[in-house]
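Participant: Numbering (the UniProt record's numbering), first residue to last: 1 to 255. My questions all concern the structure below.
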Ligand code: ADP
Ligand code: MG
Ligand code: MG
């Protein structure tokens, strides 16, 4: 079993108006096999948490720890974090012109595993994974995310998840902008990956609709840079009904 432990994490981002502290004392423990849903108002810092854990250079850790099986993630380069088993599906996946999906995935797989995947089984695995995600085989030769629709980008993220087999996956609004069919296909991909490889999931979402497909064990409310409430799946329904107002600082507004 693996454990991801975040302890009293504070982090800032450099903005054009100066440094702004976004994460203000994040504490969380996720074990492999567990699915945690993270819900909270816009601008509360959910993506900042995801990026900080993944090692995005724009986000600077002020204090605190993030440990993966006791190893200090925050001391590692983004590559080393991926190699240690951390995976991030970004809210806004980046386009990489000139790099084909096939080459990107193969390079990422080689990096994460420390050795190149066997050519014949790899091509088969990739083809089958794309087929299950209802991705046109042509996507393999296209540049990463370039000109992909919102839904195609999300599928491409789940394709990576299925192939890279991490220990922990952070899914940042992987359900946003998907129609019902795409939502089901993407959710099935996440569930398949989890069945094959019992990893831990941190799933940032605004909507309970994805939680019907990907069942959370634990639901957290994230507001103003830290977790303010934790509960079972019923907490998601309560949030859908009542919104986040009760968790916001005085005078703030959830838009
Ligand atoms: P959420 O994902 O919960 O909607 P974010 O983590 O994206 O929230 O943003 C939290 C706050 O940090 C927002 O006020 C946002 O504008 C600010 N922020 C995040 N990243 C940056 C950045 N790279 N540059 C400037 N401001 C940022
Ligand atoms: Mg947001
Ligand atoms: Mg976000």
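We put the CB at the ideal spot given by N, CA and C, even for glycine. If you're wondering where the values come from, they're calculated on a predicted model, not measured in any experiment.
For residue 247, does the count of other Cβ atoms within 10 angstroms reach 16, so buried, or fall short, so exposed?
Facilitator: So residue 247 counts as buried.
Participant: From residue 222 to residue 14, what does the alpha carbon distance come to, in whole angstroms?
Facilitator: In a straight line, the C-alpha of residue 222 is about 21 Å away from that of residue 14.
Participant: Tell me the rounded alpha-carbon separation between residue 162 and residue 198.
Facilitator: Approximately 12 Å between the Cα atoms of the pair.
Participant: Report the partner residues of residue 61 according to the DSSP bridge assignment.
Facilitator: Answer by DSSP bridge pairing, in chain order: 11.
Participant: Quick one: Cα of residue 106 to Cα of residue 56, how far?
Facilitator: The alpha-carbon atoms of residue 106 and residue 56 are separated by roughly 22 Å.
Participant: Alpha carbon to alpha carbon, how far is residue 181 from residue 150? Give it in angstroms, no decimals.
Facilitator: Straight-line Cα distance between these residues: approximately 14 Å.
Participant: Mind checking whether residue 53 and residue 201 have CB atoms under 9 Å apart?
Facilitator: For residue 53 and residue 201, no; Cβs fall outside 9 Å.
Participant: Do residue 224 and residue 18 have their beta-carbon atoms positioned less than 9 Å apart in this structure?
Facilitator: It is not a contact, given that the beta carbons lie outside the stated cut-off.
Participant: So which residues touch the region around ligand 5, with touch meaning a C-beta under 7 Å from any heavy atom?
Facilitator: Of the ligands one can find in the structure shown, namely ligand 1, ligand 2 and ligand 3, none is ligand 5.
Participant: Between which residues of its own chain and residue 8 is the CB-CB distance below 8 Å, once the five residues before and five after are set aside?
Facilitator: The answer, listed in chain order, is 25, 26, 27, 63, 64, 65.
Participant: Let me check one thing: in DSSP terms, what residues is residue 170 bridge-paired to?
Facilitator: Note: residue 170 sits in a beta bridge opposite 88, 202.
Participant: Could you check whether the Cβ of residue 2 sits closer than 9 Å to any Cβ belonging to chain C?
Facilitator: No chain C is part of this structure, which consists of one protein chain only.
Participant: Tell me whether residue 58, by its Cβ, gets closer than 8 Å to a heavy atom of ligand 1.
Facilitator: Checking every heavy atom of ligand 1 against the Cβ of residue 58, one is found closer than 8 Å.
Participant: Please determine if the segment 119 to 128 and the segment 80 to 87 are in contact, where contact requires at least 3 C-beta pairs separated by less than 8 Å.
Facilitator: With a cut-off of 8 Å, the segment 80 to 87 and the segment 119 to 128 do not count as touching, because too few Cβ pairs lie within range.
Participant: By the three-class DSSP mapping on this structure, what secondary structure does residue 143 have?
Facilitator: The answer is strand: DSSP assigns residue 143 an E or B state.
Participant: Tell me, to the nearest whole angstrom, how far the beta carbon of residue 259 is from that of residue 210; I am working on the premise that it is less than 8 Å.
Facilitator: Residue 259 cannot be examined here, being either before or after the span of the chain that is shown, 1 to 255.
Participant: Would you say the beta carbon of residue 55 is closer than 8 Å to some non-hydrogen atom of ligand 1?
Facilitator: For ligand 1, not one heavy atom lies less than 8 Å from the Cβ of residue 55.
Participant: Just reading off the alpha helix (DSSP H) that residue 230 is part of, what are its end residues?
Facilitator: Run containing residue 230: none in the alpha helix (DSSP H); it sits in the beta strand (DSSP E), 226 to 231.
Participant: Which partner residues does residue 19 have in the DSSP bridge list?
Facilitator: According to DSSP, which records beta bridges pairwise, residue 19 is partnered with 14.
Participant: Determine, using beta-carbon pairs with one atom in the segment 152 to 159 and one in the segment 70 to 79, whether at least three such pairs fall under 8 Å.
Facilitator: Result no; under three Cβ-Cβ pairs closer than 8 Å.
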